[in-house]
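Going left to right, the sequence shown walks through residues -21 to -1, 1 to 140 as mature numbering (1 follows the signal peptide of the UniProt record, and there is no 0) numbers them.
Notes to accompany the following structure.
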Amino acid sequence: MKARLIASVVLAASVVLGTSACNLVAPQATTKHYDASDGVSGRTGDLKIRNAMIIVDENGTDGNLVASVTNGGDAQSLSIQFGEGEDATVTTAIPEQSTVSFGTAEDDPILLEGIHAEAGSMVEVFFQYGDETGVEILVPVLDGALEEYSDLVPETASATK
């Protein structure tokens, strides 16, 4: 009788240990960061750039940078460089301890003029502020083909005349 009891306990312990031990060595997918949307993320100092994407006009000439920036520190002036030369840098204020969204229908747009990028491509965008080391992010380029992005397409110069 004792042998049966001991065998049952050993079997139960083996089953419990065998079915739960995988969590000790297997990587947990829920602990890995990933971008759950069409945009990409990055970080420079106290600033976290989230869900960055560029929505281009029908010619791919100009783009609307859509992103959210969370500032965990003092107020900063964020520089966004998307090409070469002075005309390819945009600066925006990020208040202290806040999250600022731009490029959506409710928020101010950040227009990237003369970007010349096709939908489906990636554009190198450099984010930097103060003396902090900046971060270069490959930002996806989308167009207004999807309904949720159709109202984010920047107005072209010909459409405003």
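The C-beta atom is built at its ideal place from N, Cα and C for all residues, glycine as well.
### Buried or exposed (CB count within 10 angstroms, at least 16 for buried), glutamine 7
Your numbering for residue 7 matches position 28 in the sequence shown. Burial call: exposed.
### Task
Please confirm if the segment 21 to 28 is in contact with the segment 111 to 118, defined as three or more CB-CB distances below 8 Å between the two stretches.
With the rule of 3 Cβ pairs closer than 8 Å, the segment 21 to 28 counts as touching the segment 111 to 118.
### Task
Output the distance between the C-alpha atoms of aspartate 130 and glutamate 111, rounded to the nearest integer angstrom.
Position 151 of the sequence shown, counting from 1, holds the residue named residue 130. Position 132 of the sequence shown, counting from 1, holds the residue named residue 111. Rounded to the nearest angstrom, the two C-alpha atoms are 34 Å apart.
### Task
Could you have a look at lysine 27 and say whether DSSP puts it in helix, strand or coil?
By 1-based counting over the sequence shown, the position of residue 27 is 48. Note: lysine 27 maps to strand in three-state DSSP.
### Query
How far does the beta strand (DSSP E) with glutamine 107 in it reach, from first residue to last?
Your numbering for residue 107 matches position 128 in the sequence shown. Counting along the chain, the beta strand (DSSP E) containing glutamine 107 begins and ends at 101 to 107.
### Message
Can you check which of these residues, Thr71, Glu134, Gly39, is closest to isoleucine 94 by C-alpha distance?
### Response
In the sequence shown, residue 94 corresponds to position 115, counting from 1. Ranking the options by Cα distance to isoleucine 94, first place goes to Gly39.
### Query
Given that a residue counts as buried once 16 or more other Cβ atoms are within 10 Å of its Cβ, and exposed if not, what is tyrosine 108?
For this step, residue 108 is matched to residue 129 along the sequence shown. The residue is buried, with at least 16 neighbouring Cβ atoms inside 10 Å.
### Cα-Cα separation, threonine 70 to leucine 57
Along the sequence shown, one-based indexing puts residue 70 at 91. Along the sequence shown, one-based indexing puts residue 57 at 78. Inter-residue distance for threonine 70 and leucine 57 is about 6 Å (C-alpha atoms, whole angstroms).
### Beta-carbon spacing of alanine 54, glycine 82 below 9 Å
Here residue 54 refers to the residue found at position 75 of the sequence shown. Here residue 82 refers to the residue found at position 103 of the sequence shown. Taking 9 Å as the Cβ cut-off, alanine 54 and glycine 82 do not qualify as a contacting pair.
### Message
Taking the alpha-carbon of aspartate 122 as reference, which of Gly99, Glu75, Ser77 has the nearest alpha-carbon?
### Response
Counting from one through the sequence shown, the residue named residue 122 turns up at place 143. Here the closest residue by C-alpha is Gly99.
### Query
Applying the criterion that 16 or more other CB atoms from any shown protein chain within 10 Å of the CB defines a buried residue, is serine 137 buried or exposed?
Taking the sequence shown and counting its residues from 1, the one referred to as residue 137 is at position 158. At serine 137 the pLDDT is 41, less than 50, meaning the model places this residue with poor confidence and gives no usable figure here.
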